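Presented below is the structure to which this report refers.
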Amino acid sequence: MKFFQGKVLNGLYSLYVLVSFFTTLTLSFFVYCLLAWLPERSRLMAIYRYNHLWFNIWGKFTGIVMETRGQHLLDPNQTYVFVGNHCNMLDIIIVGSRILHPFKPLIKKELLYVPVMGIMLSMISVVVDRSSKQSRAMSYQRMLQTLNRGISVLIFPEGTRNRTENPLKPFYDGAFKLAIEAQVPIMPGLLLNVRRMQPVSSFRFYPGKIIFEYLPPIPTEGLTQADLPILKKKVFEQMERRILAEDSAFASPSAAEVIK
Numbered sequence: 013m014k015f016f017q018g019k020v021l022n023g024l025y026s027l028y029v030l031v032s033f034f035t036t037l038t039l040s041f042f043v044y045c046l047l048a049w050l051p052e053r054s055r056l057m058a059i060y061r062y063n064h065l066w067f068n069i070w071g072k073f074t075g076i077v078m079e080t081r082g083q084h085l086l087d088p089n090q091t092y093v094f095v096g097n098h099c100n101m102l103d104i105i106i107v108g109s110r111i112l113h114p115f116k117p118l119i120k121k122e123l124l125y126v127p128v129m130g131i132m133l134s135m136i137s138v139v140v141d142r143s144s145k146q147s148r149a150m151s152y153q154r155m156l157q158t159l160n161r162g163i164s165v166l167i168f169p170e171g172t173r174n175r176t177e178n179p180l181k182p183f184y185d186g187a188f189k190l191a192i193e194a195q196v197p198i199m200p201g202l203l204l205n206v207r208r209m210q211p212v213s214s215f216r217f218y219p220g221k222i223i224f225e226y227l228p229p230i231p232t233e234g235l236t237q238a239d240l241p242i243l244k245k246k247v248f249e250q251m252e253r254r255i256l257a258e259d260s261a262f263a264s265p266s267a268a269e270v271i272k
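Each residue of the sequence shown is one higher than the last, beginning at 13 in the numbering used here.
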């Protein structure tokens with residue numbers, strides 16, 4: 013990683029990472045189009061398996077290695093509300109290469125306007141216009157219907173990318189309200205080391221290892237909406253504790269320099 017600290021070398025490396033990503037993204041668009049005709053559950057699984065292969069190959073050429081931990085905690089027959097920390101603009105694609113389980117992420121409508129990527133995300137996602145109360149209510153109902161069909165959902169409870177110096181931003185209630193109403197477990201999943209490899213509000217990249225780690229699922233069976241604050245606090249503390257222990261941007265003395 014130190015080899016790429018120099019301004020010129022890092023600029024060239026970062027350009028290579030971006031160009032190679034968007035080149036492979038464009039090629040992947042055609043794969044997505046072929047898979048779009050499959051039934052919903054089969055389509056989601058096929059796309060995420062393809063993403064897994066895509067990112068593993070891309071990582072070999074860029075030095076950005078992906079590792080998944082805690083896979084044994086995931087029950088393939090269980091429906092979950094996945095919740096994750098939101099580090100950068102590529103989180104949904106990265107997570108979609110690690111969770112080999114049928115799920116639909118909640119995405120903001122602005123992502124649909126990103127060339128190529130927006131069309132790809134529309135094939136797998138529930139979309140929300142955050143400025144519209146009606147859209148928020150409709151997306152909530154669509155996610156509830158998705159869970160009732162036995163397909164999991166993914167929500168970033170921070171709501172937007174975390175640009176603060178803290179491991180997590182305060183959580184919104186939506187993911188926890190949804191899990192309680194559907195009576196399905198919360199499955200936390202963490203992206204670790206992303207800030208080291210792509211600092212906040214920057215287009216700089218560094219080679220290294222991105223870790224996606226499942227944490228033990230938290231059941232909601234028997235809970236009511238009155239239990240939401242306790243559930244949200246429990247999930248937040250579990251995720252925060254693990255980030256502080258395992259994420260290199262927070263676990264080292266120089267963390268403040270990396271995350272600014």
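For each residue, glycine too, the CB sits at the ideal point set by N, CA and C.
For clarity, every value in this text was computed on a predicted model and none was experimentally measured.
- Of the candidates L102, G201, I131, L235, the residue whose Cα lies closest to the Cα of F33 is L102.
- A distance below 6 Å between beta-carbons, with the five flanking residues on each side excluded, links Y60 to the following residues of its chain, in chain order: G108, L112.
- Rounded to whole angstroms, the Cβ separation of Y92 and F217 is 31 Å, and the two are not in contact under 8 Å.
- A distance below 8 Å separates the beta carbons of F94 and L166.
- In the DSSP assignment, I59 falls within the unbroken alpha helix (DSSP H) covering 52 to 74.
- Considering only K72, V77, G171, I222, the residue with the shortest C-alpha distance to L118 is G171.
- In this structure L65 is exposed. Its beta-carbon is surrounded by fewer than 16 other beta-carbon atoms within 10 angstroms.
- Under a 10 Å Cβ-count criterion, V196 is classified as buried, with 16 or more other Cβ atoms of the shown protein chains found around its own Cβ.
- For V128, the three-state secondary structure derived from DSSP is coil.
- Non-local C-beta neighbours of V77 in its own chain, meaning closer than 6 Å and more than five positions away in sequence, comprise G71, K221, ordered along the chain.
- As far as DSSP is concerned, I106 takes part in no beta bridge.
- Membership of G96 in any alpha helix (DSSP H) is not indicated; the residue belongs instead to the beta strand (DSSP E) covering 93 to 96.
- For T236, the secondary structure class from DSSP, reduced to helix, strand or coil, is coil.
- G23 and P219 have their C-alpha atoms spaced approximately 13 Å apart.
- The Cβ-Cβ distance between I223 and V247 does not fall below 8 Å.
- Residue pairing of Y226 in beta bridges, as defined by DSSP: G201.
- Between L227 and G96, the gap from beta carbon to beta carbon reaches 8 Å or more.
- For the pair N68 and F41, the Cα-to-Cα distance works out to about 17 Å.
- A straight line joining the alpha-carbon of G201 with that of T38 spans about 27 Å.
- With the rule of 3 Cβ pairs closer than 8 Å, the region 246 to 262 counts as touching the region 202 to 211.
- For L86 and P127, the gap between their C-alpha atoms comes out near 33 Å.
- Between the alpha carbons of I131 and L123 lies a distance of about 9 Å.
- Distances from the alpha-carbon of D185 to those of K145, C99, T74, L240 put L240 closest.
- Within its own chain, the residues whose Cβ lies closer than 8 Å to the Cβ of F215, once the five positions on either side in sequence are excluded, are S26, L30, listed in chain order.
- Judged by their CB atoms, L47 and R53 are not nearer to each other than the 8 Å cut-off.
- By the neighbour-count criterion, in which a residue is buried when 16 or more other Cβ atoms sit within 10 angstroms of its Cβ, T232 is buried.
- Straight-line measurement puts the Cα of F73 at about 44 Å from the Cα of K145.
- Cβ contact annotation for R208 (same chain, cutoff 7 Å, sequence separation greater than five): Y218, G220, S260, A261, V270, in chain order.
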